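The structure appears below as structure tokens.
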Amino acid sequence: MTLHFDAGLAPDITIAVRMDAGNRRALDYYLLPSIDLTVGKLRLAEDNGLSIDAYRFDDLGELFDLAARIPFAEAA
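Here the working numbering = 1-based position in the sequence shown + 895.
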């Protein structure tokens with residue numbers, strides 16, 4: 896799978912879903928932060944090495960954790 900990034904949109908995080916061969920269920924998810932993406936396109940394979948697979952997750956729990964509200968005093 897090849898991902899093409901549109902820098903004009905300037906997203907903070909790109910979410911890529913890798914589907915099974917029948918396109919029926921998600922195999923895994925990649926949460927790709929723009930700060931670490933310096934290329935215009937990225938090719939994903941079965942095994943991508945640590946530099947890319949560090950952003951691979953089995954579900955979107957990490958994304959929900961990033962988006963969770965926390966008290967201001969805790970954040971400061």
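Using N, Cα and C, we set each Cβ at its ideal position, and we do this for glycine too. Computed from a predicted model, the values in this text were never measured in an experiment.
Residue i burial status per 10 Å Cβ neighbour count (16 or more: buried)
i           : result
residue 961 : exposed
Bridge-paired residues (DSSP) for residue i
i           : result
residue 897 : 938
residue 964 : In DSSP, residue 964 forms no bridge with anything.
Anticipated Cβ contact below 8 Å, residue i with residue j, distance rounded
i           : j           : result
residue 897 : residue 938 : 5 Å
Residue range of the unbroken beta strand (DSSP E) whose run includes residue i
i           : result
residue 923 : 921-928
residue 911 : 908-914
Pair within 8 Å by beta-carbon distance, residue i and residue j
i           : j           : result
residue 958 : residue 926 : yes
residue 923 : residue 953 : yes
residue 915 : residue 928 : no
residue 921 : residue 912 : yes
First and last residue of the uninterrupted alpha helix (DSSP H) at residue i
i           : result
residue 948 : 945-948
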